[in-house]
Amino acid sequence: MSDVLATEKGTPGTPRTARSAPVRRLPGPRAWVWAALAVLLLALPFYLDRFWLQAGLFAMAAAIGAIGINLLTGATGQLSMGHAFFLAVGAYGYCVLAGDGGGSGGDGLVGLGLPTWLAAVLAVLLAGAAGGLFSPIAGRLRGAYLGIATLALIFIGQHVLFNAQDLTGGFNGRDVPPLNLFGLTFDDSELVVAAVPFGSAEKLWYLGLALLLGGALFARGVLRGRPGRAMNAIRDHRIAAGVMGVPVARYRAAVFVLSSMYAGLAGVLLALVFQRTVPDYFGITLSLEYLAMIVIGGLGSVSGAVAGALFVSLLPQLLTRYSDALPLVSAPGTGGIAPGEASRYLYGAAVVAVVLFLPGGLVRVAARLRSKLRHIPGDPVEER
Amino acid sequence: MRTTSAARAAAGALAALLVLSACSSKAEDGGGEGGKESTGGVRTGDGVSGDTIKLGVLTDMTGVYATLGKSVTQAQQLYVKQLNAEGGVCGYKIELTVRDHGYDPQKAVAAYTELEPDVLGFPQFLGSPFVAAVRQRIEGQDKGLVLPQAWAHSLLGSEYIRVLGSTYDVETINAIDFLMQEKGIKKGDKIGHVYFEGDYGESAVEGSRHMAEEAGLTVVEQKIKPTDNDMTAQVAALKKAGVKAIVISAGPRQAASLVGVAAAGGFDVPIIGNNSAFSPQLLATQAGPALMKNYYVASPSLPIGADTEEAKKLVADYKAAYPEDSLDNGVVAGWTAAAVFTEALEEACAKKDLTRDGVGKALLSLNSFDNGFGVANDFSDPKAPSSKESVILQPDKAVTGGMKVVREPEASEAAQAYTPGA
């Protein structure tokens, strides 16, 4: 490696570490893998049914939300049970801001009628603001204490969602206005691209990819930079971090706000995919699912959050879809395990298996495989 | 330096993408929409292929409505089995595809999306929030007939989503009418209403509010959550308010608790519930005697233990097919929904149009459907429930299904004059 470096335009004297990129070669295997993945992801809407695209979109939204909670819980060690609340703020916030109010054909619910793209941005900021309001508490509490405090948010949120009829539509929820971006409307009006009809799922797929990529890169930037080190320091030893000059309370509050904004963004995307927001969805189970995602995927890293989100949100959908074909399943009414139950058992077993046999989460597997395949000394292990 | 390799990879990727997207199977082959014609000159569309008609069932067998979902689904499977044995509909066999969403919105929407392209319609879709969630799609593009197993008045008004029987608000009006006619409740009295947060309870409470206005009653509302099982606080509050009767729109457990606690405290008022607020298993509990004394249930059709030929045959067949499962009114609801759907298919077949649109139109022409459970259903007006009649039942250990009829199917004057959602 060093001879390659020497031929480079040269930083005379102090040779750079071997970690800097190898130069003037064919694209490395990693680049090709990424490229292939990108092709695959971009081409999928041309092939897959709406069911699969929708499943993928649920997973993307979950991934964005999981990145948010991983910043908070994984990287900073702050337990939050209230993630579903901020998702709801994003989802309902978007509906309220973009809804056309009591106008013609409206559902009589409060709506400000803002341009939908602006509503989406504001909904994310609103979720951040909601997190900010909670930050005096988030900055002071830690661990299980914060977990309990955020649990309250869920109950308050559910109560408001069910009872603030004019704002949320109550138990039946409210319609989500389709997003309109640069003249392109993300609804079911068909747009034919290369002879393939594009409905809402196909269009939203690309939006979801873009949002997820942006969100992932930003979070990676945060984690790899100064704030990330401060966050990890707070997680690992709060007092030491304080002694080193990290403003602990301020950091905790800030991370809480950032994580809420990620949740808000996930909420907006979910609302667009669902086309209707219903309060049942934003319950305690959803919060627990997000915690499961980051534990299964790997605490503290972006890739872990994404991997966990894919696992947790896709597996139940797949198991339900293929429930008829699962082993040991009997037809309903014959006394055996019903398909729906079987898929739940399998899901539970998979979660336990991952936690038990893959401490460190799914990303550890990837990291181990990689280091086995390429014995490159000093190759940085997957980012934390 | 790194950028060149990245750029190369990106360029390669882009080229591959262009090549790939050129040969998609999803590409439209031009004009596939119009529907095809089968041998008998019957037009068919989505969900009909070869000699089978596929129908979707979206149910809940693992979530909060598991008992109901199981009964409804098994009844429908039994119906379809018998129907196919007799030769099916219009020469087609019926095939049900069941998906259990466990009362989870994400799974429900996913299951609808999965089944929708392959089925003609849905003889069962449990959970009104989820029906509402896909309503835009049903009305906008899919246009398949959906028979929800949910009786919230907010579902009315769609040509493709048709509620079977009376909605909860109408049922509650009939229930209060029964209290006034037979149980001595009169103008100026207070009645209590304990109801679930959510579609069911809030639809029911619309009915009691309407009735209160019409008949000069005062309603004392007690909203509860499905997780609240102990009704002691509610009973105390209602007793303090001095109510003369109580309406409960909750689950069987809450009803048993309410009736039991009231009886134990010597609070001797008539209590009436909606049809979901009772299950025959309750009679074996401690609350059993109190339930048989003071409790009534309003139901959109005769109970499973009704004294009609069809009901007796259903009981016998269902017991033979599912010996271990209890007989409740979910069986009737599922059976009726399957029968209505089949009737619509027959009608559509007679009109030579078995497309989704044809089935929807065929249902509109059914105006006096009765399959032996005492209530005539009229589907000609999408804005109204298919019937405004309710039967008043009383728990009774001695009868199959645990309930006997105390008032025959009847739509009260107030219910007839009432327009849901107005």
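Here the protein sequences line up with chains A and B, keeping their order. Here the first sequence is numbered in my numbering, starting from 182 and rising by one per residue. Here the second sequence is numbered in my numbering, starting from 639 and rising by one per residue. Note that CB positions come from ideal geometry on N, CA and C, so glycine has one too. Since the model is a prediction, treat every value here as computed from it, not as a measurement.
Just to make sure I have the definition right: I need the residues of chain B whose C-beta is within less than 8 angstroms of the C-beta of A/Asn361. Which are they?
Chain B residues near A/Asn361: none, gap ~16 angstroms exceeds 8 angstroms.
Please work out which residues of its chain come closer than 6 angstroms, Cβ to Cβ, to B/Glu596, disregarding the five sequence neighbours upstream and downstream, and give them in chain order.
With chain B covering only 639 through 1060, there is no way to say anything about residue 596 of chain B.
What did DSSP end up calling B/Gln860 once you bin it into helix, strand or coil?
DSSP places B/Gln860 in strand when its eight states are reduced to three.
Measuring CB atoms only, is the stretch 829 to 844 of chain B touching the stretch 933 to 945 of chain B, in the sense that at least three cross pairs come out at less than 8 angstroms?
Taking 8 angstroms as the limit for Cβ pairs, the verdict is that the stretch 933 to 945 of chain B does not touch the stretch 829 to 844 of chain B.
In the DSSP assignment, find the unbroken beta strand (DSSP E) run with B/Tyr933 in it and report its ends.
Counting along the chain, the beta strand (DSSP E) containing B/Tyr933 begins and ends at Tyr933 to Ser937.
Quick check: is the beta carbon of A/Arg231 nearer than 7 angstroms to any beta carbon in chain B?
Yes, A/Arg231 lies at the interface with chain B (some Cβ there is under 7 angstroms from its Cβ).
Contact criterion: CB-CB distance below 7 angstroms. Does A/Glu522 meet it with respect to chain B?
True, the Cβ-Cβ gap to chain B drops below 7 angstroms.
Taking only the alpha-carbon atoms, compute the straight-line gap between A/Ser468 and A/Tyr528 and give it to the nearest angstrom.
Their backbone Cα atoms lie some 17 angstroms apart in a straight line.
Would you report the Cα separation of B/Thr690 and B/Tyr730, rounded to the nearest angstrom?
Each residue's Cα considered, the two are about 5 angstroms apart.
Are B/Leu753 and B/Gly685 touching if we call contact CB-CB under 7 angstroms?
The answer is no: Cβ separation not under 7 angstroms.
Using only the alpha-carbon positions, how far apart do A/Val546 and A/Pro540 sit?
Taking the straight line joining both Cα atoms gives about 10 angstroms.
Among the candidates B/Gly898, B/Arg773, B/Gly707 and B/Ala704, whose CA atom is the shortest distance from the CA of A/Val459?
Considering only alpha carbons, the answer is B/Arg773.
When the Cα atoms are used, what is the spatial distance from A/Arg231 to A/Gln498?
A/Arg231 and A/Gln498: Cα-Cα distance of roughly 13 angstroms.
Looking at C-alpha atoms only, which residue of B/Gly765, B/Gly778 and B/Leu783 is the closest neighbour of B/Lys692?
If we check each option's Cα against that of B/Lys692, B/Leu783 comes out closest.
List the residues of chain B that A/Asp461 touches, going by C-beta distances under 9 angstroms, in chain order.
What A/Asp461 touches in chain B: Tyr741, Asp742, Pro743, Gly765, Pro767, Phe768 and Gly836.
Taking Cβ-Cβ distances shorter than 8 angstroms, what residues in chain B pair up with A/Phe239?
Under the 8 angstroms cutoff, chain B gives Gln744 and Ala748.
Identify, in the order they occur along the chain, each residue of the same chain with its Cβ nearer than 8 angstroms to the Cβ of B/Asn932, setting aside the five sequence neighbours on each side.
Excluding positions up to five away in sequence, the list reads Val897, Ala900, Ala901, Asp906, Val907, Pro908 and Ile909.
B/Asp866 to B/Val1013, Cα distance in whole Å?
The straight-line gap from Cα to Cα measures roughly 33 angstroms.
Roughly how many angstroms separate the alpha carbons of B/Thr1061 and A/Ala447, rounded to a whole number?
Past the boundaries of the shown model lies residue 1061 of chain B; chain B is included only from 639 to 1060, so the question cannot be answered.
By DSSP, does B/Val881 sit in helix, in strand, or in coil?
Here B/Val881 sits in coil by DSSP.
Considering only the alpha carbon of each residue, which of B/Thr810, B/Phe760, B/Lys781 and B/Tyr741 lies closest to B/Phe768?
Out of B/Thr810, B/Phe760, B/Lys781 and B/Tyr741, B/Tyr741 has the C-alpha closest to the C-alpha of B/Phe768.
Closer than 7 angstroms by beta-carbon distance: list the chain A residues that pair up with B/Gln779, in chain order.
Going along chain A in sequence order, the residues near B/Gln779 (Cβ under 7 angstroms) are Asp369.
Within 10 angstroms of the Cβ of A/Val533, are there 16 or more other Cβ atoms? Answer buried if so, exposed if not.
So A/Val533 ends up on the exposed side.
Give the straight-line distance between the Cα atoms of B/Ser709 and B/Val970, rounded to the nearest whole angstrom.
Those two C-alpha atoms are separated by around 9 angstroms.
Could you tell me which of B/Gln892, B/Val1043 and B/Ile886 sits nearest to B/Asp911, measuring between CA atoms?
The amino acid occupying residue 911 of chain B in the given sequence is Gly; Asp does not appear at that position. Of B/Gln892, B/Val1043 and B/Ile886, the residue nearest in Cα terms is B/Ile886.
If we call anything under 7 angstroms between Cβ atoms a contact, is B/Pro761 one with B/Leu785?
Their beta carbons are under 7 angstroms apart, which means B/Pro761 touches B/Leu785 by this criterion.
Helix, strand or coil: which one does DSSP assign to B/Glu1027?
The answer is coil: DSSP assigns B/Glu1027 none of H, G, I, E or B.
Whose Cβ in chain A lies nearer than 7 angstroms to the Cβ of B/Leu752?
Inspection of the sequence shows that residue 752 of chain B is occupied by Glu rather than by Leu. Within 7 angstroms Cβ-Cβ: Phe232 and Arg502.
What would DSSP say about B/Ile823, mapped onto helix, strand or coil?
Here B/Ile823 sits in coil by DSSP.
Of all the options A/Ala530, A/Ala269, A/Leu500 and A/Ala411, which has the alpha carbon lying nearest to the alpha carbon of A/Leu252?
Looking at the Cα atoms, A/Ala411 is the closest of the given residues.
Leaving aside the five residues before and after A/Val429 along the sequence, list all residues of the same chain whose C-beta is less than 7 angstroms from its C-beta, in chain order.
Closer than 7 angstroms at Cβ, skipping near neighbours: Ile415, Arg419, Ala422 and Gly423.
Please return the same chain residues whose Cβ sits closer than 6 angstroms to the Cβ of A/Gly514, not counting the five positions on each side in sequence.
Note that A/Gly514 scores 49 on pLDDT, short of 50, meaning its location in the model is unreliable; the coordinates nonetheless yield the value given after this. Contacts found: none.
Answer yes or no: does any C-beta atom of chain A fall closer than 7 angstroms to that of B/Thr1057?
No, B/Thr1057 lies away from the interface with chain A (no Cβ there is under 7 angstroms from its Cβ).
Under the three-state reduction of DSSP, which class applies to B/Gly1040: helix, strand or coil?
Correct three-state label for B/Gly1040: helix.
What number of angstroms, rounded off, separates the C-alpha of B/Ser846 from the C-alpha of B/Gln744?
Whole-angstrom Cα-Cα distance: 33 angstroms.
Compute the minimum distance between the beta carbon of A/Phe343 and the heavy atoms of the ligand PLP, and state whether it is under 6 angstroms.
Questions concerning the ligand PLP fall outside what the structure shown contains, since it holds no ligand whatsoever.
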